Amino acid sequence: MDQPVNATRPGFSARHLAYHALAWTVFILYELSIVFYVSDTRLDHAWEYIGYYALNMLLFYTTSQLVLPLAFRKKGRLYLLLLLVPLQLSGYILLEYGLEHLYNTLRSFPRQVTLNQRFVVGFIWRGTYFFGLSTTFWFVWRTLQHQRRISRMELRQLEGARARAELEKDLATAQSAYLQAQINPHFLFNTLNFIFNQVQEGAPKASESVLLLAEVMRHSLTGVQADGKTSLSAEVSHLRHYVSLNQLRFRFPLYIQLDVQGVTGNYRLPPLLLLTFVENIFKHGDLTDAASPATVQVACRDGWLHVATQNKTRPFPPVQGFGIGIRNVRTRLERLYLSHEYRLDIREDDGNYYLNFQLKLL
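To convert, note that position 34 of the sequence shown is 33 in numbering that gives the first Met the number 0; the numbers rise steadily by one, no gaps.
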């Protein structure tokens, strides 16, 4: 996430302070090299330049941190420059005058210091020089900040376009899958009913399987309403049929317990959401231990759906596709709900798989 940027005042991070210190060092050495090697200034007065450059820095930073930000923060405030700049230069000259008197108390041979025209004009030129340096620095900094903001905006637009392209791709894929899987429901159900009637007397277990399969397919094909959601009660009925159908598929018993409490048809949720959790148990869990059956608890409390599952994990490596269904559930939840409207926690501990899911019902 981008940090907020002050649009008119340069900041001072540790890195920026290092850059400023380096720039001032180079600048001061450059000026002092001219003073000491071109003129006849005595080296025993070199310490006096500490105060001079301190005042120059003060002028530089009050310009870039106070005067220019105040004048350019809002439109129509440039008149402040006509007020602040003369005040700033006047203060600079008076401080230089006071510094000269202070140095006179420390010099072996005091100089005559007079606030005359030569003194004032000299420091007006010096002050204007540093005011110009500070103004150049401030405008360069502001231009760079503006370019960075434009770059960040372009990057956000690019990321938004990329995200929209991904959504459009996912939508096209989903539409294609839907069209490929779109079978005439009446034809399918009539065929299943015909098979049910044919095997009902001779193979009651097979006929029950066909009936359960018909109910499962009915919910999958026709259970979704116009808003893209299904009722919670229909989803729970679908779970019951799915569990019963899987128990009929195998010649050995599967131990799984489904406990439903407080579920009504007044709430709606994305279709096949709960089925993914139960399907995950049948695909990857060990349901052959009567002493440790898998459990699925579904309850509604205070406008929230609570789902908790627990099952033993298989002792051998998971089958292909392990975790894909759960990832798809997370993706659907992220797109349909806010982060505080759901919670999905999964953990594995000592050969057991635990899933806890909470969803705000709307």
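Backbone N, C-alpha and C define an ideal beta-carbon position, used for all residues, glycine too.
Remember, predicted model here, so these are calculated numbers, not experimental data.
**Item:** Residues near V119 in its chain [Cβ-Cβ closer than 7 Å; skip 5 each side]
**Value:** So the list reads I92, once near-sequence residues are dropped.
**Asked** Starting from R329 and walking both ways along the alpha helix (DSSP H), at which residues does that stretch end?
**Response** Unbroken alpha helix (DSSP H) run through R329: 323 to 335.
**Request:** Would you mind stating whether P292 and Y254 have Cβ atoms separated by less than 7 Å?
**Result:** Judged by their CB atoms, P292 and Y254 are nearer to each other than the 7 Å cut-off.
**Integer-rounded CB distance, given that V259 should sit under 8 Å from V297** = Confirmed, about 5 Å.
**Message:** Taking 6 Å as the cut-off, is the beta-carbon of S150 closer than that to any non-hydrogen atom of the ligand HEM?
**Reply:** As for the ligand HEM, it is missing from this structure, which has no ligand bound.
**Prompt:** Can you name the residues that DSSP bridges to Q309?
**Reply:** According to the DSSP secondary-structure assignment, Q309 is paired through a beta bridge with T294, Y353.
**Prompt:** Quick one: what's got a C-beta closer than 7 Å to F129's C-beta in the same chain, skipping five residues either side?
**Reply:** Non-local beta-carbon contacts of F129 in its own chain, meaning distances under 7 Å to residues more than five positions away in sequence, involve N55, L58, F59 in chain order.
**Prompt:** To which residues of the same chain is A70 closer than 6 Å at the C-beta, ignoring the five residues directly before and after it?
**Reply:** Around A70: R76, L77, L79, L80.
**Asked** What separation, rounded to the nearest whole angstrom, lies between the Cα atoms of W46 and E158?
**Response** So the alpha carbons of these two residues sit roughly 56 Å apart.
**Request:** Using the Cα positions of L343 and L358, report the straight-line distance between them to the nearest angstrom.
**Result:** Computed Cα separation, rounded: 9 Å.
**Asked** Three-state secondary structure (DSSP) at Q181?
**Response** Any answer about Q181 is weak, because its pLDDT of 49 lies below 50 and its placement is not dependable; what the coordinates show is given next. In the structure shown, the three-state DSSP call for Q181 is coil.
**Distance, E30 Cα to L143 Cα** = The alpha-carbon atoms of L143 and E30 are separated by roughly 28 Å.
**Message:** What does the alpha-carbon distance come out to for the pair T229 and Q146?
**Reply:** One alpha carbon belongs to T229, the other to Q146, and they sit about 49 Å apart.
**Asked** beta strand (DSSP E) containing Y341: first to last residue?
**Response** Going by DSSP, Y341 is part of the beta strand (DSSP E) stretching over 341 to 348.
**Request:** Starting from V259, trace the beta strand (DSSP E) both ways and give me its first and last residue.
**Result:** Annotation for V259: the continuous beta strand (DSSP E) segment containing it runs 255 to 260.
**Item:** Nearest candidate by alpha-carbon position, reference V139, set S63, L268, L272
**Value:** Per the C-alpha coordinates, the member of S63, L268, L272 positioned closest to V139 is S63.
**Asked** What is the C-beta distance between V235 and V277, in whole angstroms, given that I count them as a contact (C-beta under 8 Å)?
**Response** At roughly 11 Å, the Cβ-Cβ gap does not stay under 8 Å, so V235 and V277 are not in contact.
**Cβ-based burial, V34 [other Cβ within 10 Å; buried from 16]** = By the beta-carbon neighbour count (other beta carbons within 10 angstroms, threshold 16), V34 is exposed.
**Asked** Going by other Cβ atoms of all chains shown within 10 Å of its Cβ, with 16 needed for buried, is L101 buried or exposed?
**Response** For L101, the number of other beta carbons within 10 angstroms of its own is below 16, and it is reported as exposed.
**Request:** Rounded to whole angstroms, what's the CA-CA distance from L170 to R331? Just pull it up for me.
**Result:** Each residue's alpha carbon lies about 12 Å from the other.
**Asked** Does the distance from the CB of I27 to the CB of Y51 come in under 7 Å?
**Response** Not closer than 7 Å, so no.
**Prompt:** Rounded to a whole number of angstroms, what is the C-alpha to C-alpha distance between L67 and L132?
**Reply:** CA-to-CA, the gap between L67 and L132 works out to about 13 Å.
**Asked** Which residue comes first and which comes last in the alpha helix (DSSP H) that contains L65?
**Response** Looking at the DSSP string, L65 is not in any alpha helix (DSSP H), and its letter there is neither H nor E.
**Prompt:** What whole-angstrom Cβ distance do I280 and N327 have, given they're in contact under 8 Å?
**Reply:** About 16 Å separates the two Cβ atoms, so there is no contact after all.
**Prompt:** How long is the line joining the alpha carbons of K168 and R155, rounded to whole angstroms?
**Reply:** Looking at the two C-alpha atoms, the distance is approximately 20 Å.
**Item:** Selected residue, minimal CA-CA separation from F251, among D288, P269, L268
**Value:** Selection D288, P269, L268 evaluated against F251 yields D288 as nearest (Cα-Cα).
**Asked** Would a C-beta distance cut-off of 7 Å place L231 and Y266 closer than the cut-off?
**Response** Closer than 7 Å, so yes.
**Item:** Whole-angstrom distance between G284 and Y352, CA atom to CA atom
**Value:** When rounded, the distance between both Cα atoms is 8 Å.
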